[in-house]
Amino acid sequence: FHDPSVRVPMIVYDPSPEADVTRGTVSDALVESIDLLPTFVDMAGGTPRYEWLEGRSLMPLIRGETPSDWRKYTISEYDFSITPMAGRLDLAPKDARLFMVADDRWKFMHAEGGFPPMLFDLQNDPHELNDLGRDPAYGAAVADCYDRLFEWARRSSQRTTISDQQIDERRGKTRRKGIVLGIADDTAADENAEILSLYRGKARQRFV
Numbered sequence: 008f009h010d011p012s013v014r015v016p017m018i019v020y021d022p023s024p025e026a027d028v029t030r031g032t033v034s035d036a037l038v039e040s041i042d043l044l045p046t047f048v049d050m051a052g053g054t055p056r057y058e059w060l061e062g063r064s065l066m067p068l069i070r071g072e073t074p075s076d077w078r079k080y081t082i083s084e085y086d087f088s089i090t091p092m093a094g095r096l097d098l099a100p101k102d103a104r105l106f107m108v109a110d111d112r113w114k115f116m117h118a119e120g121g122f123p124p125m126l127f128d129l130q131n132d133p134h135e136l137n138d139l140g141r142d143p144a145y146g147a148a149v150a151d152c153y154d155r156l157f158e159w160a161r162r163s164s165q166r167t168t169i170s171d172q173q174i175d176e177r178r179g180k181t182r183r184k185g186i187v188l189g190i191a192d193d194t195a196a197d198e199n200a201e202i203l204s205l206y207r208g209k210a211r212q213r214f215v
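In this text, residue positions in the sequence shown follow the working numbering: the first is 8, and each later residue adds one.
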């Protein structure tokens, strides 16, 4: 995860007039390789299907707009289970994995298999020679990086069927079919009295 492998320069040329505002400039925004496909879809006039695609379109950045919710850190993963190093460390394939969390200040690495974390201060140690991961003085920085890694691990990456827009459009419509997922309190029960009455007492008709 040294800079030559994870800080790869990228040059983008957008011939459209909308990109004139950033032409010839350098952006410090944190971007990832997974941003490329959504960018291509966006550039071609499509709508990126983020329920399928990880990453985000770079078009706002290319055209001078930095979204307020743009990522504050970047993640990299490395599976080295097939390498000789995994064998020398006697690691099971599931444990031969590394994760990196980086922002403008810190580069943090977590290794599965019970190894201590690694932390580098990119401002004061740009060549990443001094590992601070086990220094108690930097415990807060390590904890913050673990929080970010956990936030990333909790992301929704399994839904590949319908978009967020379709989910928003369907919210609340289950009640039309008499489906009640839960009643929180008496007030909610009063509001749903008509629907709940369908589920009290004997069945109103036989369905079999």
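Don't be surprised by glycine CBs; every beta carbon is placed ideally from N, CA and C.
query                                                                                                                                                                                    : result
Specify the secondary structure class of M17 as computed by DSSP and reduced to three states.                                                                                            : coil
Out of S40, W59 and L65, which has the shortest C-alpha to C-alpha gap to A51?                                                                                                           : L65
Just list the residues that DSSP pairs K114 with in beta bridges.                                                                                                                        : A109 and F127
Does DSSP put I82 in a helix, in a strand, or in coil?                                                                                                                                   : strand
If you drop the 5 nearest sequence neighbours on each side, which residues of the same chain put their C-beta closer than 6 Å to that of V13?                                            : S83
Tell me whether R30 sits in a helix, a strand or coil according to DSSP, three-state version.                                                                                            : coil
Just to confirm the assignment, what range does the alpha helix (DSSP H) spanning D175 have?                                                                                             : D171 to R177
When you compare each of A103, P45 and Y80 to W113 by their alpha carbons, which one comes out closest?                                                                                  : Y80
Should the region 112 to 126 be regarded as contacting the region 147 to 156, the criterion being three or more beta carbon pairs within less than 8 Å?                                  : yes
Mind checking I174: buried by the 16 CB within 10 Å criterion, or exposed?                                                                                                               : exposed
Spatial neighbours of D110 within its chain, please: CB distance less than 8 Å, with the 5 preceding and 5 following residues excluded, ordered by chain position.                       : L37, K79, Y80 and T81
So, S23 versus R70, is the Cβ gap smaller than 9 Å?                                                                                                                                      : yes
Taking the beta carbon of R95 as the centre, do at least 16 other beta carbons fall within 10 Å, making it buried, or is it exposed?                                                     : exposed
Identify, in the order they occur along the chain, each residue of the same chain with its Cβ nearer than 7 Å to the Cβ of E25, setting aside the five sequence neighbours on each side. : R70
Compute the Euclidean distance between the alpha carbons of N131 and D138, then round it to the nearest angstrom.                                                                        : 12 Å
According to DSSP, is R155 helix, strand or coil?                                                                                                                                        : helix
Where L44 and L60 are concerned, what is the direct C-alpha to C-alpha distance, given to the nearest angstrom?                                                                          : 8 Å
Taking 7 Å as the limit between beta carbons, can you name the residues of its chain near W77, skipping five residues before and five after?                                             : A36
Which two residues bound the contiguous alpha helix (DSSP H) that contains L68?                                                                                                          : M66 to I69
Count the other CB atoms, across all protein chains shown, that sit within 10 Å of the CB of A147; report buried if there are 16 or more and exposed otherwise.                          : exposed
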